[in-house]
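Engineer:
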Amino acid sequence: MPIFEVIGEIIVEILFENILYFLLSVPGAFFRFIISRFWMSKRSLKDFIKDDPMMNGIVGLIVFILIGLIIV
108 MPIFEVIGEI
118 IVEILFENIL
128 YFLLSVPGAF
138 FRFIISRFWM
148 SKRSLKDFIK
158 DDPMMNGIVG
168 LIVFILIGLI
178 IV
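Written out as structure tokens, the structure is:
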């Protein structure tokens, strides 16, 4: 039955990654929006949310990791 374990693992990994990036895309877009305001950018938060969700998710994940390290 190892083939079913591999298939299940691949399905869960694909779903988990997509859900994780989706959940972190809005906070990531918000942090990018806040940082862009320091450089007087005229882009709105909607523009950042419409950007690549993978990039926003990675930024959100990095910021949450940094906040966790600061707290610890």
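Okay, so the sequence shown: first residue is 108 according to this note's numbering, each after it adds one. Yeah, the Cβ is synthetic: ideal placement off N, Cα and C, and Gly gets one too.
In this structure, how does DSSP classify Asp159 when only helix, strand and coil are distinguished?
Structural biologist: coil
Engineer: What is the DSSP secondary structure of Val133, reduced to helix, strand or coil?
Structural biologist: helix
Engineer: Is it the case that the segment 137–144 contacts the segment 115–128, given that we only count it when at least three CB pairs across the two stretches are under 8 Å?
Structural biologist: no
Engineer: Which residue wins for smallest C-alpha separation from Leu152, given the options Ile118, Gly164, Pro134 and Met161?
Structural biologist: Nearest of Ile118, Gly164, Pro134 and Met161 to Leu152, Cα basis: Pro134.
Engineer: Quick one: what's got a C-beta closer than 6 Å to Asn163's C-beta in the same chain, skipping five residues either side?
Structural biologist: Excluding sequence neighbours, Asn163 sits near Ser132, Gly135 and Ala136.
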